[in-house]
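There are 2 protein chains.
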Amino acid sequence: MASSTVENYLKQILMVTLDENCTKVTMGKVASELSVTPGTATSMVKNMERDGWLKYYPRQGVALTRKGRKLAMNMLRRHRLLETFLVETLGFDWSEIHVEAEELEHAISEKVVEKLDLFLGRPRYDPHGHPIPSKGGVIQRPSSRTLQSCKLGMKVKIDSILDQESDFLKFARDKKLLPGKEVVIMSSEKVADAITLRVGRNSPFSLGFRSAEKILVLEQH
Amino acid sequence: MASSTVENYLKQILMVTLDENCTKVTMGKVASELSVTPGTATSMVKNMERDGWLKYYPRQGVALTRKGRKLAMNMLRRHRLLETFLVETLGFDWSEIHVEAEELEHAISEKVVEKLDLFLGRPRYDPHGHPIPSKGGVIQRPSSRTLQSCKLGMKVKIDSILDQESDFLKFARDKKLLPGKEVVIMSSEKVADAITLRVGRNSPFSLGFRSAEKILVLEQH
DNA sequence: TCTTAGATTTATCTTGAGTCAACCTTGGAC
DNA sequence: GTCCAAGGTTGACTCAAGATAAATCTAAGA
Chain A
383 MASSTVENYL KQILMVTLDE NCTKVTMGKV ASELSVTPGT ATSMVKNMER
433 DGWLKYYPRQ GVALTRKGRK LAMNMLRRHR LLETFLVETL GFDWSEIHVE
483 AEELEHAISE KVVEKLDLFL GRPRYDPHGH PIPSKGGVIQ RPSSRTLQSC
533 KLGMKVKIDS ILDQESDFLK FARDKKLLPG KEVVIMSSEK VADAITLRVG
583 RNSPFSLGFR SAEKILVLEQ H
Chain B
383 MASSTVENYL KQILMVTLDE NCTKVTMGKV ASELSVTPGT ATSMVKNMER
433 DGWLKYYPRQ GVALTRKGRK LAMNMLRRHR LLETFLVETL GFDWSEIHVE
483 AEELEHAISE KVVEKLDLFL GRPRYDPHGH PIPSKGGVIQ RPSSRTLQSC
533 KLGMKVKIDS ILDQESDFLK FARDKKLLPG KEVVIMSSEK VADAITLRVG
583 RNSPFSLGFR SAEKILVLEQ H
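Listed in order, the protein sequences are those of chains A and B.
603 is the number that the working numbering gives the last residue of the first sequence; the numbers go up by one with no jumps.
603 is the number that the working numbering gives the last residue of the second sequence; the numbers go up by one with no jumps.
Below, the structure written as structure tokens:
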């Protein structure tokens, strides 16, 4: 069993590897991510290696083991499902949910997570638009995110257009909706089934959800 | 801030005072309820007195302070609301929920508790039929429990009949459904809106929920 | 008055997580 | 090649919570 401190270390390490698309995370990074001194990080990490959560390469950094990655993914899953629950079901504003989820994610059992997932209708994105890892620990690659899942105010870069219909592609070209372009979401109305966006400095226009679903984007940070 | 250990001590002490209808709880009881040695209980309780959770009367026992009782009630509230949520919303079987709630009750914030309460429709009883304390820390006195809220297999003692309709009172008298009598719930069908019960050794009969609601009972333990 | 069950004390342990400061390594800059 | 700064490691130590065991105490009833 992992303590919640260990769970936090794992989650943070995973997020860095996901973020920087690498496997090893440097000790300095670990220490700063968790707001502890380098010495603390080193000793903590050694214990975690002893327990099989990760592999420690002295002076180089740490890499999650399969077991570690699995639990880390699970933490991410719990966190994001809980955030979704807090917003969708309990009606929280999405500015307040992070802290709450941070606490609950260590107390919620696997069983409850699964029931919650089911209850929420197996959502694929949390309220912030981050992908929710599957039960098996698979996370949607960032580039396979679709424009439809983007929230108000988000800034994304077009990755690719899935639709093959020439009419649609023509329309997309007209609007400069092309891979590599930067896009800002001006509005996203679930009820209206449409989003409005602006490509670069061009004038804004709207897209139905069915169309937006076919546009893969890359989140900018 | 109370640690989860302190929260458990408080909750357990409250439950004993509620159960035995007293204010002071003996140290031996505290120790056994929490499965620790007497020495541990004594020292723990001293710390808790230092922090204002309770008053400690050496060689006599402990009594919750206002502050302690408030938090203890809150723990009970969280626990029972969580159990209700797990059964009503997530579809758990009520045999599995206690352990889950035991974990979550320490991690859930006041804000979430309130939203949950609202979401569940401010339930008054948990799935086991125990009353849920109000936000202000008021718990339904056991005697103000109604027959309608009783579950299958429960054994209760009639406390009083609220209905003034003579027809109903006549019926009640015929069935020996009178204050002081012992009753066993033979079935309780939410969908059918009725419960079947047996008074003493007489033959069983059924009551609609509307009628059952008017009968106050005392839980037997 | 004596006994004894239950309560208290004291000395000690364990564990988890952290600090501090001295001391290593190593990869460039020169 | 040498050297140095940045970053990593070490070891000695702290701290807080909880817990135990065992000796000792107290008070209520036979």
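Built from N, CA and C at the ideal position, the CB exists for glycine as well.
- Only residues of its own chain outside the window of five on either side were considered, and among them I577 have a CB closer than 6 Å to the CB of L589 of chain A, listed in chain order.
- According to DSSP, residue pairing for F587 of chain A in a beta bridge involves A:L579.
- The count of Cβ pairs closer than 8 Å, one atom from the segment 433-449 of chain B and one from the segment 451-464 of chain A, stays below three, leaving the stretches out of contact.
- If you draw a 10 Å sphere on the C-beta of G410 of chain B, you find fewer than 16 other C-beta atoms in it, and that means exposed.
- Here L436 of chain A carries a strand assignment [DSSP, helix/strand/coil].
- R527 of chain B and E601 of chain B do touch by the CB rule: their CB atoms are close to 6 Å apart, below 8 Å.
- Taking 9 Å as the CB threshold, T471 of chain B lines the interface with chain A.
- Restricting attention to beta strand (DSSP E) runs no shorter than 3 residues, the segment 473-552 of chain A encloses them at 537-543, ordered along the chain.
- K393 of chain B is classed as buried because its beta carbon has at least 16 other beta carbons within 10 Å across all chains shown.
- Using a Cβ-Cβ cut-off of 7 Å, A384 of chain B is close to nothing in chain A; its nearest Cβ partner there is about 14 Å away.
- Burial check for M457 of chain B: the Cβ neighbour count within 10 Å reaches 16 or more, so the residue is buried.
- A direct Cα-to-Cα measurement between E482 of chain A and E402 of chain B gives close to 36 Å.
- Here A594 of chain A is buried, its C-beta having at least 16 other C-beta atoms within 10 Å.
- A distance below 7 Å between beta-carbons, with the five flanking residues on each side excluded, links D508 of chain A to the following residues of its chain, in chain order: R462, E465, T466, I514.
- Contacts with chain A at 9 Å (Cβ-Cβ) include H488 of chain B.
- Ranked by how close their Cα comes to the Cα of K596 of chain B, the residues B:R583, B:V566, B:D541, B:K437 have B:D541 in first place.
- DSSP places V398 of chain B in the uninterrupted alpha helix (DSSP H) bounded by 386-402.
- At a C-beta separation below 9 Å, L502 of chain A has no neighbours in chain B, since its nearest C-beta there lies roughly 10 Å away.
- The beta carbon of I521 of chain B lies closer than 6 Å to those of P513, P515 in the same chain, with the five residues before and after it left out.
- According to DSSP, L446 of chain B shares a beta bridge with B:L436.
- Residue state for M383 of chain A is assigned as coil, using DSSP reduced to three classes.
- For the pair of segments examined, the segment 426-438 of chain B was found not to touch the segment 485-492 of chain B: the number of CB pairs separated by less than 8 Å stays below three.
- Looking at the DSSP output, V573 of chain B bridges to nothing.
- According to the DSSP assignment, V418 of chain B belongs to no alpha helix (DSSP H), since it is labelled neither H nor E.
- Under DSSP, the beta-bridge partners assigned to V565 of chain A are A:V538, A:V581.
- Taking all protein chains shown into account, D499 of chain B has 16 or more neighbouring C-beta atoms within 10 Å of its C-beta and is therefore buried.
- What L498 of chain B touches in chain A, judged by beta-carbon distance under 8 Å, is L472, going in chain order.
- Of the candidates B:T399, B:N390, B:Q530, B:K539, the residue whose Cα lies closest to the Cα of E564 of chain B is B:K539.
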